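Asker: Quick one: this structure, given as structure tokens, is what I'll be asking you about.
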Amino acid sequence: MNFLKIVMIAAVVFTLLGCQGKLSTEPTGQGYIFEVSDSGVLVLDNIKDTDLGKKWRDISGSYSGNAIWLKTSTSKHSVGQKVRYWVDGGINESFPTQASAKKIEIIND
């Protein structure tokens with residue numbers, strides 16, 4: 001009888017864990033691509049026109065807002081694009097934060 005309970009609990013746990021892998025309809029965040037590298041993009045939620053063309057190290061001391069490095073293997077992104085993004089897994093708490101991108105969608109305004 002205890003074995004049957006354990007099997008049923010394990011089935012429920014695996015079912016719930018499987019549901020977490022689906023893409024949420026709500027994005028994790030959005031902003032503007034500030035920098036592009038071979039391994040990802042830096043997305044800021046607040047970019048000044050005077051900061052475009054600079055590197056993160058040039059503005060990091062005075063920047064106020066959210067910033068996240070998103071690991072991605074795609075190279076279709078460019079500086080200045082407005083995007084929304086979904087992360088895959090957790091977000092490393094640093095500044096800027098860091099995460100793997102599950103999806104990055106370009107917003108055409």
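With full-length UniProt numbering, the residue at position 71 of the sequence shown is 71, and numbering never jumps.
Yeah, the Cβ is synthetic: ideal placement off N, Cα and C, and Gly gets one too.
Given the structure is predicted, the values throughout are model-derived calculations rather than measurements.
1) Would you kindly report the start and end of the unbroken beta strand (DSSP E) that includes Asp-58?
2) Start and end of the beta strand (DSSP E) containing Leu-44?
3) Please classify Thr-50: does DSSP put it in a helix, a strand, or coil?
4) For a minimum of 4 consecutive residues, which ranges assigned as the alpha helix (DSSP H) are wholly contained in the segment 56-98?
5) Under three-state DSSP, which class holds Ser-37?
Answerer: Reading off the structure:
1) Here the question's residue 58 lines up with position 58 in the sequence shown. Premise fails: Asp-58 lies in the alpha helix (DSSP H), 56-59, not in any beta strand (DSSP E).
2) Walking along the sequence shown from the start, residue 44 turns up at place 44. Taken as a continuous stretch (DSSP letters only), the beta strand (DSSP E) holding Leu-44 covers 40-44.
3) Translated into positions along the sequence shown, residue 50 becomes position 50. Here Thr-50 sits in helix by DSSP.
4) 56-59
5) Taking the sequence shown and counting its residues from 1, one reaches residue 37 at position 37. Coil, per DSSP.
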